[in-house]
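**Q** Per the working numbering, residue 62 is the first one in the sequence shown, and the count goes up by one each step.
Beta carbons: idealized from backbone N, C-alpha and C, even for Gly.
All figures in this text were calculated on a predicted structure; none of them were measured in a lab.
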Amino acid sequence: MHFPRFLLSLSAAIWLGAATASADITVRISVKAVLNPATGNRQAGVSEMTFSNTVVGMNDMLQSYGRGYQLQWVGNALVNVGGLGQFLTGPSRYYDVDFVNDDNGDALKDQFEANAINNPGTYGWSASAVNIYIVRFGGANWNVCSFPGSQIILINGAAGYSTARTVLHEIGHYFNLSHTFNGRQNLNANNTACTNGCNCAKFVGGGDDKIDDTILDHDCWTDQNDIAQGNYSLNYANLSATRQAAVDRIWNNLMSYHGRQHDTPFLTSDQLDRWTDSANGDRPGVRTGRTWFVDRACSALAATGNSDCAVIGGPFHTAALGVAAAKSGGQDIVLLRPGNYNEPMTITKALTMRATRGNATIGKP
Ligand SMILES: [Zn+2]
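And the structure:
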C-alpha cells in the first residue's frame with residue numbers, strides 16, 4: 062500500500078493560505094428517500110441516523126486514501142420524494158422496481174433519471190450534487206450506479222444504504238471505476254459458456270477494468286488462494302511478497318465483490334488516479350476544487366495536469382506549473398508524484414499539496 066508522505070516534516074498534506082478555505086475537495090451528495098406508494102411512508106428502517114453513520118464511514122475511507130476527497134451530505138437530511146397512490150406516476154412508481162432483474166430495468170433507470178432531471182422539484186434532483194435515490198429493489202440486495210454519461214445512483218434501503226463500503230463502491234462507479242473482475246468468464250467443464258453463476262465448473266478472471274495495478278479478478282473467487290491460483294497458478298502462501306501484495310490489492314478492493322466476505326475496502330494508486338481524472342473532467346458540477354498532477358518523471362505533451370504520462374494533457378513536469386494552475390481560494394490540490402523538485406518558490410495563494418506513491422521533496426538539491 063502506498064500512503065502519501067511529504068519530506069518537509071509535514072504529514073500527508075500541507076495547506077497554505079487563508080483560514081477560510083478547506084484542505085479537502087468536497088463532493089456533494091443529495092440523498093432521496095423514495096416513498097412507498099401504498100403507504101406514503103419511507104421504507105421501514107430508512108432514517109437520517111442510519112445514513113449519517115454511512116457518511117461517516119465513507120469519509121473515514123476517503124480520508125485513508127489520502128487524496129483529499131470528502132463527501133458533504135447536502136442538508137444532512139434525506140429528501141422525501143413521491144407519495145401515496147403514485148403507482149404509475151412520480152418518483153414512487155420506481156419504489157419497488159428491481160432494476161437488475163426486471164427485463165426493462167436499464168430503460169426504467171434511464172427513464173427515472175430523465176424524469177428527475179426534467180422535474181427537479183418533484184424528484185428533489187440537484188444539479189450540483191451526486192443524486193442518490195433509496196428504493197426497495199423488490200426486496201433484493203442490489204444497487205445500481207451510473208458511469209460518466211449518465212448520473213443517477215439507486216441504492217436499496219436495507220443492506221445497501223446502511224453499508225458505507227457499498228455506497229462508496231457505487232460512488233466509485235460514478236467516478237468511472239469498473240469492477241476489478243470486469244470481463245470475467247464463467248465456463249462449463251468443456252470450456253463452453255456457462256450461465257449458472259458461481260455454480261459453474263470454471264472461472265476465468267477478468268482484467269478489463271482499465272487499471273494497471275490490479276491483477277485478474279473473479280466475483281466467484283472466495284479467498285486469496287483463488288485469486289493467487291487464477292493469476293499465478295500457485296497458492297497464496299507460495300507467492301513472493303510482491304505477488305501477495307498484488308493479491309491483497311484485489312482481495313481488499315472497494316471495486317471487487319470480496320467485501321461481501323470481509324470489510325477492508327481499498328483503492329489502488331491507479332484506481333485513485335482514474336477517480337481523480339473523472340472528478341476533474343466528467344463531474345465538475347458536484348465537487349469543489351480539482352487536482353493537478355505533477356510528475357517529475359513525465360514529459361507529457363501539452364501537459365494540463367491529468368494523471369496519465371502517456372497521453373497528451375498529462376501531468377505537469379514541475380511543481381511550479383502545478384501551483385500556477387491551481388485556482389486561488391484553497392480548494393485545489395497539487396498532487397506530487399515521487400522525486401526531488403528542486404524549485405525554490407514562494408506560494409502566494411491558498412492551495413493544498415499532497416504527495417502520492419512515495420516521497421516528494423521541494424527545494425532540496
Ligand atoms: Zn458495482
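Residue ranges of each alpha helix (DSSP H) run of no fewer than 4 residues wholly in the stretch 333 to 418, ordered along the chain?
**A** 380 to 386
**Q** Taking 8 Å as the threshold, find out whether the stretch 332 to 348 comes into contact with the stretch 280 to 288 through three or more Cβ pairs.
**A** Contact between the stretch 332 to 348 and the stretch 280 to 288 is absent, because fewer than three Cβ pairs lie under 8 Å.
**Q** As a quick exercise: from Trp-203, Val-196, Gly-127, pick the residue whose alpha carbon is nearest that of Asn-162.
**A** Trp-203
**Q** Have a look at Gly-185, Val-142, Gly-166, Ser-207 and flag the residue whose alpha-carbon is nearest the alpha-carbon of Phe-198.
**A** Of the residues Gly-185, Val-142, Gly-166, Ser-207, the one whose Cα lies closest to the Cα of Phe-198 is Gly-166.
**Q** Which ranges would you report for the beta strand (DSSP E) in the stretch 260 to 347 if only whole runs of at least 3 residues count?
**A** The beta strand (DSSP E) runs lying completely inside the stretch 260 to 347 and spanning 3 residues or more are 263 to 265, given in chain order.
**Q** Give me the residue from Ser-189, Gly-118, Asn-247, Ile-86 with the minimum Cα distance to Ser-223.
**A** Gly-118
**Q** Using 10 angstroms around the beta-carbon of Met-110, count the other beta-carbons present and answer buried if the total reaches 16, otherwise exposed.
**A** exposed
**Q** Within its chain, find whatever has a CB closer than 8 Å to the CB of Gln-290; leave out the 5 residues flanking it on each side and keep chain order.
**A** Asn-296
**Q** In terms of residues, what are the limits of the alpha helix (DSSP H) holding Gln-133?
**A** Where Gln-133 is concerned, there is no enclosing alpha helix (DSSP H), although the beta strand (DSSP E) it sits in stretches over 130 to 134.
**Q** Could you spell out the range, first to last residue, of the beta strand (DSSP E) harbouring Gln-246?
**A** 246 to 248
**Q** Provide the residue(s) that pair with Leu-96 in DSSP beta bridges, ordered along the chain.
**A** BP columns for Leu-96 are empty, so no partner.
**Q** In this structure, what does DSSP give as the bridge partners for Val-205?
**A** Per DSSP, Leu-215.
**Q** Whose beta carbon lies closer than 6 Å to any heavy atom of ligand 1, going through the chain in order?
**A** His-230, His-234, His-240
**Q** What number of angstroms, rounded off, separates the C-alpha of Ala-361 from the C-alpha of Gly-210?
**A** 27 Å
**Q** Using a Cβ-Cβ cutoff of less than 7 Å, which residues in the same chain neighbour Ala-363 once the five nearest sequence positions on both sides are dropped?
**A** Ile-373, Gly-374
**Q** Within the stretch 113 to 198, note down every full alpha helix (DSSP H) run reaching 4 residues or more, in order along the chain.
**A** The qualifying runs are 166 to 179, 181 to 184.
**Q** Quick one: what's got a C-beta closer than 7 Å to Ala-225's C-beta in the same chain, skipping five residues either side?
**A** Thr-115, Gly-118, Met-119, Met-122
**Q** Under the three-state reduction of DSSP, which class applies to Val-88: helix, strand or coil?
**A** Val-88: strand per DSSP, three-state reduction.
**Q** Using the C-alpha atoms, what's the distance from Arg-245 back to Val-265?
**A** 6 Å
**Q** Buried or exposed, going by whether 16 or more other CB atoms sit within 10 Å of the CB of Pro-98?
**A** buried
**Q** Roughly how many angstroms lie between the CA atoms of Pro-376 and Val-135, to the nearest whole one?
**A** 32 Å
**Q** Would you decide whether Glu-404 is buried or exposed? Buried here means 16 or more other CB atoms lie within 10 Å of its CB.
**A** Exposed.
**Q** Hey, quick one: how far does the alpha helix (DSSP H) through Leu-229 stretch, first residue to last?
**A** 225 to 235
**Q** In whole angstroms, what separates the C-alpha of Gln-212 from that of Val-228?
**A** 15 Å
**Q** Shortest alpha-carbon distance to Ala-385 belongs to which of Leu-412, Tyr-402, Ala-254?
**A** Leu-412
**Q** Could you check whether the stretch 249 to 260 touches the stretch 269 to 277, counting it as contact only if at least three pairs of C-beta atoms, one from each stretch, sit closer than 8 Å?
**A** The answer is no - the stretch 269 to 277 does not touch the stretch 249 to 260, with fewer than three Cβ pairs under 8 Å.
**Q** Mind checking Ser-294: buried by the 16 CB within 10 Å criterion, or exposed?
**A** exposed
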